[in-house]
Every structure is written in structure tokens, then in C-alpha cells.
Amino acid sequence: MNWLQEQPVVLQAFLAGLFTWSCTIVGSAVVFFFKTVSRKLLDIMMGSAAGVMIAASFWSLLQPSIEYAKGNYGVWSWMPAALGFLLGGFFLRFIDAVVPHLHLSKKDVSEAESLPEHSQNKLSKTALLFLAITIHNFPEGLAVGVAFGALTSNSSLEVFIGAVGLALGIGLQNVPEGAALSIPIRTDGESRLKAFYWGSMSAIVEPIGAILGAYAVMAMTAILPYALSFAAGAMIFVVVEELIPDSQTNGNTDVATLGLMVGFVLMMVLDVALG
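Put into C-alpha cells, the structure is as follows:
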């Protein structure tokens with residue numbers, strides 16, 4: 574951990590992006606060993622990721638956003654946080670409208686597999702799954718980059734731990750997402766290697782997004798409060814619109830909720846007690 578903290582901010586962001594991508598690779602690799610994955614385990618992982626991301630969105634993104642804004646905005650320091658947060662949510666909603674996300678529930682996977690023939694002619698089912706998840710992964714990479722980019726203005730352990738926690742939460746989410754992409758591709762008749770390839774490559778945009786997010790914050794420090802809250806809004810949108818509903822639709826409500834609470838507490842301890 575000390576080694577990572579000593580690296581340049583952009584490199585830290587890139588390595589964090591590589592970590593979140595590697596989690597997708599791990600999830601996609603289950604196609605080599607299993608025909609399916611325990612739904613309860615996936616729901617617990619999604620619940621835990623939701624808890625980590627909620628805590629990180631507040632302590633690592635929103636709270637620092639308000640603190641950074643106090644110098645320029647005074648009593649109006651809440652404004653960049655509120656505006657950026659809403660813009661982050663609306664941005665993800667816009668992406669959903671352009672490329673509807675395929676959730677991890679059985680219903681949505683079935684709907685993807687039964688696309689009308691004319692839709693499949695325009696874009697194969699595999700390509701549609703890949704495109705939808707890839708586009709939704711890019712803002713997550715940006716959020717990681719923004720969180721690490723904030724270290725240029727405040728290199729405290731608290732900010733660093735918060736950025737690491739955010740990457741951890743996104744990584745936890747990426748494991749079941751990788752499995753949810755590769756397994757349906759395999760069951761549709763594709764080879765294991767091809768299913769693994771498509772699943773793994775869906776998150777290759779996250780290291781790229783992380784670098785861009787870090788550079789943007791470093792180049793324009795004035796936008797830091799807005800960038801942090803924008804990332805928080807995007808993350809909360811992902812949690813409320815995807816992770817929580819997906820973890821609650823398969824009869825594992827209690828364990829998924831407990832996973833969320835444990836994830837939240839762990840991130841809170843890391844971000845507050847250690848920071």
C-alpha cells in the first residue's frame with residue numbers, strides 16, 4: 574500500500590483501473606470451470622459492492638467535494654456538490670436511455686437472448702451485451718480516476734484510502750458482472766475462450782477512463798468539487814438502479830442486504846478510522 578501511495582497520481586489511477594478490470598477478468602474466467610455460478614454468492618457480492626460504493630461515494634467523493642469548495646464558495650460550498658451529484662446521475666440516465674443496460678437478473682438475460690430477429694441482424698446478441706456493459710463501465714473508470722486525481726490537491730491518507738475503497742467497490746461489482754456476461758455467451762453456443770474474451774474486454778475501458786479522469790482533475794483543479802460530486806452521483810445511480818435491484822430479485826434479499834451493510838461498515842472503518 575505504501576508503494577502505491579508513493580507513485581505518481583496518474584499511475585495510481587491507472588493501476589486502480591487495471592485492478593477493476595482484472596476483477597472483470599476473474600469473473601469472466603468462471604466460464605472455464607462452471608456452467609453456472611451460485612446466485613446467492615453473486616447477490617452477496619453485489620450487495621457488498623453496493624455498500625462499499627455508497628460509503629465511498631459519501632466519504633471519498635461528496636464530503637471532500639464540499640470541503641474543497643469552501644475556499645471559493647463559502648456558505649454556498651454545497652452547490653458544486655449538489656450540482657455535480659445531479660449531473661452524474663442524469664449522465665448515467667442518459668447512457669441508459671441510449672444503450673439500455675442488461676441487468677444481471679435472469680429475466681433481463683432471457684430478454685437479451687430472445688431479441689427480435691431484425692435486432693439480431695443489426696447487432697449480434699453478443700455484441701449488444703458487450704456494448705451495453707462496456708459503455709456503462711467507462712463512467713466507473715472515470716470515477717476512479719477522479720478520486721485518485723483529488724490527491725493532487727490533498728495527498729492525505731484519508732483521501733488515498735477513499736480512492737482505494739472506491740476502486741475496491743467497483744472491482745467487487747465487476748466480478749459478478751464479468752460472470753453474467755461470459756456465462757450467457759457460453760450457453761448460447763460460443764466457445765469458452767470466446768466467452769471469456771468478450772467478458773474480459775467489456776471492462777478494458779476502465780483503466781482508460783481512470784487515466785482520463787485523473788488527468789482532467791489535474792489539468793483543471795477548479796472543477797475538482799464538481800468532478801468529485803459528479804463521480805458520486807454516477808456511483809449512487811449505479812448502486813440504486815442496478816446493484817440493489819439485481820441483488821434483490823432472486824430470493825436472496827436478506828443475505829444481499831446484510832452484505833450491503835457489511836460492505837458499508839468496512840468502507841466506513843477504512844475511510845474514517847484509518848484516515
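Per the working numbering, the sequence shown starts with residue 574, numbered consecutively.
Beta carbons: idealized from backbone N, C-alpha and C, even for Gly.
Open item on the list: For L704 and S650, what's the separation of their Cα atoms in angstroms?
Closed with: 38 Å
Open item on the list: So, at 6 Å on beta carbons, what are the nonlocal neighbours of L665 in its own chain, with the 5 sequence-adjacent residues on each side left out?
Closed with: A807, F810
Open item on the list: Considering just the uninterrupted stretch of the alpha helix (DSSP H) at G647, what are its terminal residues?
Closed with: First-last for G647: undefined, no H or E at that position.
Open item on the list: Using a 10 Å radius around the Cβ and a threshold of 16 neighbouring Cβ atoms, would you call F607 buried or exposed?
Closed with: exposed
Task: Uninterrupted alpha helix (DSSP H) stretches inside the stretch 793 to 821 (no shorter than 4 residues) - done: 797 to 811, 817 to 820
TODO: Along the alpha helix (DSSP H) that carries E750, what are the first and last residues, could you check?
DONE: 730 to 760
- [ ] Take the Cβ of N710 as the centre, count every other Cβ of all protein chains shown within 10 Å, and call the residue buried at 16 or more, exposed below.
- [x] buried
Task: Test: A655 CB closer than 7 Å to a CB of chain C - done: Absent from the structure is chain C; it holds one protein chain and no more.
Open item on the list: Starting from Q881, trace the alpha helix (DSSP H) in both directions and tell me its first and last residue.
Closed with: For the chain, the structure presents residues 574 to 848; residue 881 sits outside this window and is missing.
Task: Residue range of the alpha helix (DSSP H) that includes N575 - done: 575 to 578
Task: Burial state of P845 (16 or more Cβ within 10 Å) - done: A quick correction: the sequence has Val, not Pro, at residue 845. When all chains shown are included, V845 counts as exposed.
TODO: Taking T609 as part of the alpha helix (DSSP H), name the residues at either end of that continuous run.
DONE: Careful: T609 lies outside any alpha helix (DSSP H) and carries neither H nor E.
Open item on the list: When you compare the CB positions of S638 and A622, do they come within less than 7 Å of one another, or not?
Closed with: no
- [ ] Could you work out which residue in D616, I784, L635, Q746 is closest to L656 when comparing CA atoms only?
- [x] L635
Task: DSSP state of N825 mapped onto helix, strand, coil - done: coil
Open item on the list: Am I right that A805 and F721 are in contact with their C-beta atoms under 8 Å? What's the rounded C-beta distance?
Closed with: The Cβ separation is near 15 Å, so there is no contact.
- [ ] Can you tell me which of L741, V717, M841, T826 puts its alpha carbon nearest to the alpha carbon of R612?
- [x] T826
Open item on the list: With H, G and I counted as helix, E and B as strand and the rest as coil, what does DSSP make of S775?
Closed with: coil
- [ ] Would you tell me roughly how many angstroms separate the C-alpha atoms of L766 and G590, rounded to the nearest one?
- [x] 23 Å
Task: Contacts around V610, its chain only, beta-carbon distance under 8 Å, and the 5 residues preceding and following it disregarded - done: V603, P749, A752, I756
- [ ] Spatial neighbours of G836 within its chain, please: CB distance less than 6 Å, with the 5 preceding and 5 following residues excluded, ordered by chain position.
- [x] S621, G624, V625
Open item on the list: Please return the same chain residues whose Cβ sits closer than 6 Å to the Cβ of S728, not counting the five positions on each side in sequence.
Closed with: none
- [ ] With a 10 Å radius around its C-beta and 16 neighbouring C-beta atoms as the bar for buried, classify P780 as buried or exposed.
- [x] buried
Task: Three-way DSSP call (helix, strand, coil) for N727 in this model - done: coil
Task: Pick from T593, I627, S595 that is closest to E815, judged by C-alpha positions - done: I627
Open item on the list: Looking at A740: is its Cβ nearer than 7 Å to the Cβ of T593?
Closed with: yes
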